[in-house]
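Participant: Attaching a single structure in structure tokens format; questions to follow.
Number of protein chains: 2
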Amino acid sequence: MKELLKQNISNHIFISENERDLFCNLFEHKSIKKKNFLLEAGEICKFEGFVVSGLFRIYHLDKNGFENVLYFAMENWWITDIDSFTNEKPSQLYIEALEDSEVLLISKKDKEFAYINLPKIEKLFRIMTQKTHVALQRRMIDNLSKTADQRYLDFIEKYPQLLQRLTNLQIAAYLGISHEFLSKIRKKIVNSG
Amino acid sequence: MKELLKQNISNHIFISENERDLFCNLFEHKSIKKKNFLLEAGEICKFEGFVVSGLFRIYHLDKNGFENVLYFAMENWWITDIDSFTNEKPSQLYIEALEDSEVLLISKKDKEFAYINLPKIEKLFRIMTQKTHVALQRRMIDNLSKTADQRYLDFIEKYPQLLQRLTNLQIAAYLGISHEFLSKIRKKIVNSG
DNA sequence: TCAAAAGATTGAACAAGTTCAATAAATACC
DNA sequence: GGTATTTATTGAACTTGTTCAATCTTTTGA
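These protein sequence lines are chains H and F, in that order. Start counting the first sequence at 1; every next residue gets the next number (the UniProt record's numbering). Start counting the second sequence at 1; every next residue gets the next number (the UniProt record's numbering).
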């Protein structure tokens, strides 16, 4: 059940099996159906989660009603609104299941217990946060410097598995363009390729 | 000399004076003149730094020769290329002093020493990384959802002190627009205000 | 202090991306 | 299995932002 989580942790840091298992025991399993929300804007995010199977989109709804996708999370990825979770303030984000999914969730109290009693866990989250920060920094640079065509080509290359599982509407919301324009980009690529 | 650094650390976490001072002793002081680089693309980033005074821009040079500013760092801010520093790989970033500046630098070896021997330091960097990540996430959403006009107005409101110290070229490179277009935005704001 | 360099503004022509509306294709649901 | 709903494509008109070139202003450095 928690094998994927254990594997994921050991991929980030060296940790004793015992300490790792103690940590994993703090997680609770939850099933969530397609189109349901793990978190909605306005709520305080009460969990940090690990995706065992399925797929989520984490998005922000702007004042024009437009959905901006911050990231997608499939199996073996972590999900939370770190701002809302850490500072216990209302979230600005939605976390929606795009497929029937299974997640493992840890509460703030249990995570704090882990920080105090399992010394490696502080390092684990320091390293994971660093990695996601580096990835976001790259995406920021790409968004500043690259054209939508190129960002789409990058996306295809980076996440070929996701391509099959997402609609073009969702990919457009991630790239920051309209889906009509994405459609035109796709046409151009097909014609020139 | 290191008072600002000590203050900054204590603003993030509870830490004993002794542990904090031991950590601060690992930093070396460096003066750097305007227009000089603390880091250039291609180098491996050997430091994590704290700005005591002055101002830096951290930017990426894209293949068209365009400078995209990832962030500005003035006194009381931290600077590094976390990707290059952590993974000891060539940086893609430039860190340039925009004013004569004073920084405190810690090496990778000394930072690792701190992680092992000063337990609170792991927490310090976990929390700081989280905070910068949250800020970057907000900026990502803003870049996806807001028009350049609005991003400029947000910038003015958020960093009024920086406005005085930066050229419009630099602000444009941060906002991801040409400086000519920024000039037109500024004109529009003046005329309408 | 003054010449050179860097920064800022403006306009015109252009490119990138949006919006709206219509239609076709795929998917979901009873 | 067929209908309703969602998704994808296309075109035309429009808006946002870029590029280039010229001019003006400010800052820098010998």
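Ideal Cβ placement from N, Cα and C applies to all residues, glycine included. Predicted model only: the values in this text are computed from it and were never measured.
1. Just checking, does the segment 153–161 of chain H make contact with the segment 145–156 of chain F on the three C-beta pairs under 8 Å criterion?
2. With a 10 Å radius around its C-beta and 16 neighbouring C-beta atoms as the bar for buried, classify LYS89(F) as buried or exposed.
3. Just verifying my parser: in three-state terms, what is the DSSP assignment at GLU99(F)?
4. Below 7 Å on C-beta distance, what does VAL134(F) contact in chain H?
5. For LYS63(H), tell me which candidate among GLU96(F), SER107(F), THR147(F) and GLU28(F) has the shortest Cα-Cα distance.
6. Is the Cβ-Cβ distance between residue 203(H) and ALA41(H) less than 8 Å?
7. Exposed or buried, what is VAL190(H) when buried is set at 16 or more other beta-carbons lying within 10 Å of its beta-carbon?
8. Keeping to the same chain, check which residues put their C-beta closer than 7 Å to that of LEU118(F); ignore five residues upstream and five downstream.
9. Between the C-alpha atoms of SER101(H) and ILE44(H), what's the straight-line distance to the nearest angstrom?
10. Is there a C-beta anywhere in chain F that falls below 8 Å from the one on PHE72(H)?
11. Are the C-beta atoms of SER107(H) and some chain F residue less than 8 Å apart?
12. Mind checking which residues open and close the beta strand (DSSP E) that includes TYR59(F)?
13. Quick one: list the residues of chain H neighbouring GLU122(F), beta-carbon separation under 9 Å, in chain order.
14. Do we get a CB-CB distance below 8 Å when we pair SER145(F) with the residues of chain H?
15. Could you compute how far the alpha carbon of LYS123(F) sits from the alpha carbon of SER91(H)?
16. For ASP149(F), which of ALA73(F), HIS12(F) and PHE181(F) has the nearest alpha-carbon?
17. Name the chain F residues whose beta carbon is nearer than 7 Å to that of THR86(H)?
18. For PHE47(H) versus GLU96(H), is the C-beta spacing smaller than 8 Å?
19. Near ILE13(H), which residues of its chain fall below 8 Å by C-beta distance, leaving aside the five closest residues on each side in sequence?
20. Less than 8 Å between the beta carbons of PHE113(H) and TRP78(H), yes or no?
21. For THR167(F), count neighbouring Cβ atoms within 10 angstroms of its own Cβ and tell me buried if that reaches 16, exposed if not.
22. As a quick exercise: from LYS33(H), LEU105(H) and GLY176(H), pick the residue whose alpha carbon is nearest that of LYS2(H).
23. From the beta carbon of PHE50(F), is the nearest beta carbon of chain H less than 8 Å away?
24. What is the residue span of the alpha helix (DSSP H) that SER10(H) lies within?
25. Where LYS111(H) and LEU26(H) are concerned, what is the direct C-alpha to C-alpha distance, given to the nearest angstrom?
26. Identify the continuous alpha helix (DSSP H) that holds ASN18(H) and give its terminal residues.
27. Look at the Cβ atom of LEU4(H), then the Cβ atom of ASN76(H), and state whether they are nearer than 8 Å.
28. May I have the straight-line CA-CA distance separating ARG139(F) from THR132(H), to the nearest angstrom?
29. If you follow the beta strand (DSSP E) that PHE37(H) is in, where does it begin and where does it stop?
30. For a quick check, are the C-beta atoms of LYS34(F) and LEU98(F) less than 8 Å apart?
31. Since residue 200(H) is in the alpha helix (DSSP H), which residue starts that stretch and which ends it?
32. Which residues does DSSP pair with ASN68(H) in a beta bridge?
33. Would you tell me roughly how many angstroms separate the C-alpha atoms of GLN7(F) and MET74(F), rounded to the nearest one?
34. Rounded C-beta distance between THR80(F) and GLN130(H)? I'm assuming under 8 Å.
35. According to DSSP, is GLU48(H) helix, strand or coil?
Facilitator: Walking through what the data contain:
1. Touching, no.
2. Your numbering for residue 89(F) matches position 89 in the second sequence. Flag for LYS89(F) reads exposed.
3. If you number the second sequence from 1, residue 99(F) lands on position 99. Here GLU99(F) sits in coil by DSSP.
4. Within the second sequence, numbered from 1, the residue matching residue 134(F) stands at position 134. Chain H residues near VAL134(F): ILE82 and ASP83.
5. Position 63 of the first sequence, counted from the first residue, corresponds to residue 63(H). For the residues GLU96(F), SER107(F), THR147(F) and GLU28(F), the minimum Cα distance to LYS63(H) belongs to THR147(F).
6. With chain H running from 1 to 193 in the structure shown, residue 203(H) is simply not present.
7. Along the first sequence, one-based indexing puts residue 190(H) at 190. Result: exposed.
8. Counting from 1 along the second sequence, the entry for residue 118(F) is found at position 118. If we look at LEU118(F) and ignore the five residues flanking it on each side, its Cβ neighbours are GLU19, LEU22 and PHE23.
9. Within the first sequence, residue 101(H) is the residue found at index 101, counting from 1. Within the first sequence, residue 44(H) is the residue found at index 44, counting from 1. Computed Cα separation, rounded: 21 Å.
10. The residue labelled residue 72(H) in the question sits at position 72 within the first sequence. Cβ-Cβ to chain F under 8 Å: no for PHE72(H).
11. Working through the first sequence from its first residue, we reach residue 107(H) at position 107. False, the Cβ-Cβ gap to chain F never drops below 8 Å.
12. For the purposes of this step, residue 59(F) is taken as residue 59 along the second sequence, with counting starting at 1. Start and end: 55–61.
13. For the purposes of this step, residue 122(F) is taken as residue 122 along the second sequence, with counting starting at 1. For GLU122(F), the chain H residues whose Cβ falls inside 9 Å of its Cβ are PRO119, GLU122, LYS123 and ARG126, in order along the chain.
14. Numbered from 1 along the second sequence, position 145 holds the residue referred to as residue 145(F). At least one chain H Cβ lies under 8 Å of SER145(F).
15. On the second sequence, residue 123(F) is found 123 positions in, with the first residue counted as 1. On the first sequence, residue 91(H) is found 91 positions in, with the first residue counted as 1. One C-alpha to the other measures close to 24 Å.
16. The count along the second sequence starts at 1 and reaches residue 149(F) at position 149. Closest by alpha carbon: PHE181(F).
17. Counted from its first residue, the first sequence places residue 86(H) at position 86. Going along chain F in sequence order, the residues near THR86(H) (Cβ under 7 Å) are GLN130.
18. Counting from 1 along the first sequence, the entry for residue 47(H) is found at position 47. Counting from 1 along the first sequence, the entry for residue 96(H) is found at position 96. No. Outside cutoff.
19. Against the first sequence, residue 13(H) aligns to sequence position 13. Cβ neighbours of ILE13(H) beyond the five flanking positions: LYS120, LYS123, LEU124 and ILE127.
20. Here the question's residue 113(H) lines up with position 113 in the first sequence. Here the question's residue 78(H) lines up with position 78 in the first sequence. Taking 8 Å as the Cβ cut-off, PHE113(H) and TRP78(H) do not qualify as a contacting pair.
21. Locating residue 167(F) in the second sequence gives position 167, where the first residue counts as 1. So THR167(F) ends up on the exposed side.
22. Here residue 2(H) is taken as the residue at index 2 of the first sequence, counted from 1. Cα-wise, what sits closest to LYS2(H) is LEU105(H).
23. Residue 50(F) sits at position 50 when you count from the first residue of the second sequence. Cβ-Cβ to chain H under 8 Å: no for PHE50(F).
24. Stepping through the first sequence from its first residue, residue 10(H) is reached at position 10. Counting along the chain, the alpha helix (DSSP H) containing SER10(H) begins and ends at 3–12.
25. What you label residue 111(H) is simply residue 111 of the first sequence in a count that begins at 1. What you label residue 26(H) is simply residue 26 of the first sequence in a count that begins at 1. The alpha-carbon atoms of LYS111(H) and LEU26(H) are separated by roughly 8 Å.
26. The count along the first sequence starts at 1 and reaches residue 18(H) at position 18. Segment 17–24, the alpha helix (DSSP H) holding ASN18(H).
27. By one-based count along the first sequence, residue 4(H) stands at place 4. By one-based count along the first sequence, residue 76(H) stands at place 76. ASN76(H) sits close to LEU4(H), with the two beta carbons spaced by under 8 Å.
28. Along the second sequence, read from residue 1 onward, the residue named residue 139(F) stands at position 139. Along the first sequence, read from residue 1 onward, the residue named residue 132(H) stands at position 132. Cα-Cα distance, rounded: 15 Å.
29. One-based indexing of the first sequence puts residue 37(H) at position 37. Its beta strand (DSSP E) spans residues 37–39.
30. Locating residue 34(F) in the second sequence gives position 34, counting from the first residue. Locating residue 98(F) in the second sequence gives position 98, counting from the first residue. Yes, Cβ-Cβ distance for LYS34(F) and LEU98(F) is below 8 Å.
31. Within the shown structure, residues of chain H are numbered from 1 to 193, placing residue 200(H) beyond reach of any answer.
32. The sequence position of residue 68(H) within the first sequence is 68, counting from 1. Note: ASN68(H) sits in a beta bridge opposite HIS60(H).
33. Along the second sequence, one-based indexing puts residue 7(F) at 7. Along the second sequence, one-based indexing puts residue 74(F) at 74. The alpha-carbon atoms of GLN7(F) and MET74(F) are separated by roughly 16 Å.
34. Numbered from 1 along the second sequence, position 80 holds the residue referred to as residue 80(F). Numbered from 1 along the first sequence, position 130 holds the residue referred to as residue 130(H). Taking C-beta atoms under 8 Å as the contact rule, THR80(F) and GLN130(H) fail to qualify, at a distance of about 11 Å.
35. For this step, residue 48(H) is matched to residue 48 along the first sequence. In this structure, GLU48(H) counts as strand in the three-state DSSP scheme.
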